[in-house]
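Following: one structure in structure tokens, then a few remarks.
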Amino acid sequence: GAGVSQSPRYKVAKRGQDVALRCDPISGHVSLFWYQQALGQGPEFLTYFQNEAQLDKSGLPSDRFFAERPEGSVSTLKIQRTQQEDSAVYLCASSLGTSSGYTFGSGTRLTVV
Amino acid sequence: RKEVEQDPGPFNVPEGATVAFNCTYSNSASQSFFWYRQDCRKEPKLLMSVYSSGNEDGRFTAQLNRASQYISLLIRDSKLSDSATYLCVVNMVRGTYKYIFGTGTRLKVLA
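Chains as they are written, first to last, in this note's numbering: chain A, 59 to 171; chain B, 3 to 113.
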């Protein structure tokens with residue numbers, strides 16, 4: 059597609075519920091990134107894929123967070139047993155190369171109640 | 003010390019003013035630098051890369067000072083539409099992928 063597409067745009071989850079956030083990157087972009095942005099803060103790195111390989115997951119805050127990109131295109135970020143502190147905007151970005159700027163999707167705003 | 007630091011602002015300036023933001027970074031080996039713009043409740047969008055020699059794009063000028071480990075963004079002739087949060091972005095080592103974002107500087111241009 060023309061841009062990075064994320065779904066859903068908004069998600070309200072009850073505490074303890076599992077959620078799955080989807081990212082469809084720009085066609086041909088091998089690098090895909092997930093960031094978490096809390097209100098009033100800059101985006102915080104979560105994880106990075108190059109094609110289907112997850113090369114860095116050091117930013118994932120706990121083992122409740124899991125990301126995959128099985129065919130090197132669409133990626134899913136899964137959060138198990140959601141907690142209130144997981145409430146944030148989850149941004150996906152893709153890039154042609156490792157040292158070019160990113161193109162971000164519109165994000166998924168997750169609210170855990 | 004945070005890896006990337008910015009003054010959160012807000013900077014309130016009248017239309018037509020010139021305004022400058024600085025951003026400091028902690029890792030002297032950092033290689034790539036960018037400014038992103040983020041509008042309220044929108045995703046960040048790349049404004050410009052920052053090159054060692056400095057670069058200009060219309061009313062926007064970006065500078066890099068490696069010795070003091072800071073980058074700057076200068077906006078001339080501010081427009082109401084420039085009101086946004088400006089995010090400083092640094093990647094720490096050439097060829098790596100992990101970009102660190104500052105918390106952003108809020109700019110409000112007033113009529």
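C-beta: ideal position from N, C-alpha, C; glycine also.
When DSSP builds the beta bridges, which residues end up paired with residue i?
i, result
"R67 of chain A", "Answer is none; R67 of chain A lacks a bridge partner."
"P16 of chain B", "B:L112"
"K47 of chain B", "B:R39"
"L76 of chain B", "B:A22, B:T63"
"Q95 of chain A", "A:V147"
"E102 of chain A", "A:Q94"
"Y101 of chain B", "B:N93"
Indicate whether at least one CB of chain C lies closer than 8 Å to the CB of residue i.
i, result
"L149 of chain A", "Protein chains A and B are contained in the structure displayed, whereas chain C is not."
Once DSSP output is grouped into helix, strand and coil, what is the label at residue i?
i, result
"L89 of chain B", "strand"
"D82 of chain A", "strand"
"D59 of chain B", "strand"
"D41 of chain B", "coil"
"Q8 of chain B", "strand"
"S116 of chain A", "coil"
"L82 of chain B", "helix"
"Q75 of chain A", "coil"
"E143 of chain A", "helix"
"Q138 of chain A", "coil"
"L154 of chain A", "coil"
"A125 of chain A", "strand"
"R68 of chain B", "coil"
"S32 of chain B", "coil"
"Y53 of chain B", "coil"
"S133 of chain A", "strand"
"Y27 of chain B", "strand"
"S89 of chain A", "strand"
Could you check how far apart the C-beta atoms of residue i and residue j are, in whole angstroms? I think they sit under 8 Å.
i, j, result
"R80 of chain A", "T134 of chain A", "6 Å"
"G163 of chain A", "S63 of chain A", "6 Å"
"N29 of chain B", "E5 of chain B", "7 Å"
Which value, in whole angstroms, describes the spacing of the CA atoms of residue i and residue j?
i, j, result
"Y53 of chain B", "P12 of chain B", "26 Å"
"V70 of chain A", "G165 of chain A", "14 Å"
"M50 of chain B", "W37 of chain B", "5 Å"
"C150 of chain A", "T20 of chain B", "33 Å"
"P10 of chain B", "S85 of chain B", "14 Å"
"L75 of chain B", "S83 of chain B", "16 Å"
"D59 of chain B", "Q95 of chain A", "28 Å"
"S120 of chain A", "T105 of chain B", "22 Å"
"E110 of chain A", "P128 of chain A", "5 Å"
"K47 of chain B", "K81 of chain B", "18 Å"
"S65 of chain A", "V77 of chain A", "11 Å"
Hey, residue i and residue j: beta-carbon distance below 8 Å or not?
i, j, result
"V92 of chain B", "S32 of chain B", "yes"
"S145 of chain A", "H87 of chain A", "no"
"L112 of chain B", "V15 of chain B", "yes"
"Y72 of chain B", "S89 of chain A", "no"
"L104 of chain A", "L118 of chain A", "yes"
"T107 of chain B", "Q8 of chain B", "yes"
"P83 of chain A", "S131 of chain A", "yes"
"Y68 of chain A", "R167 of chain A", "yes"
"R73 of chain A", "V147 of chain A", "no"
Within the present structure, is the beta-carbon of residue i separated from the nearest heavy atom of the ligand GTP by less than 7 Å?
i, result
"V132 of chain A", "Inclusion of the ligand GTP in the displayed structure is not the case, the ligand content being empty and no account of it being possible."
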